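Numbering (the numbering used here), first residue to last: 4 to 63.
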């Protein structure tokens, strides 16, 4: 499986509770913070919920 690199690009101010929890479960804490996770359908679903706040790139 390939890895997915996720970077938070926008502030979480004004987001609803579900989006805040999704960012927390992705491991994103602040603007510019980047995390790497193995690609999976569950991860893609979380990214979809906060797609307006993050930038996604895949390795491999």
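Beta carbons: idealized from backbone N, C-alpha and C, even for Gly.
Everything numeric in this text was worked out from a predicted model, so none of it was measured.
query	result
Give, in chain order, every unbroken run of the beta strand (DSSP E) that is at least 3 residues long and sits entirely within the region 35-59.	37-41
Measure the alpha-carbon distance for residue 42 versus residue 7 and round it to whole angstroms.	6 Å
Under a three-way DSSP split, which group does residue 27 fall into?	helix
Leaving aside the five residues before and after residue 38 along the sequence, list all residues of the same chain whose C-beta is less than 7 Å from its C-beta, in chain order.	9, 29, 30, 31
In terms of residues, what are the limits of the beta strand (DSSP E) holding residue 15?	Residue 15 -> no beta strand (DSSP E), and no H or E assigned at all.
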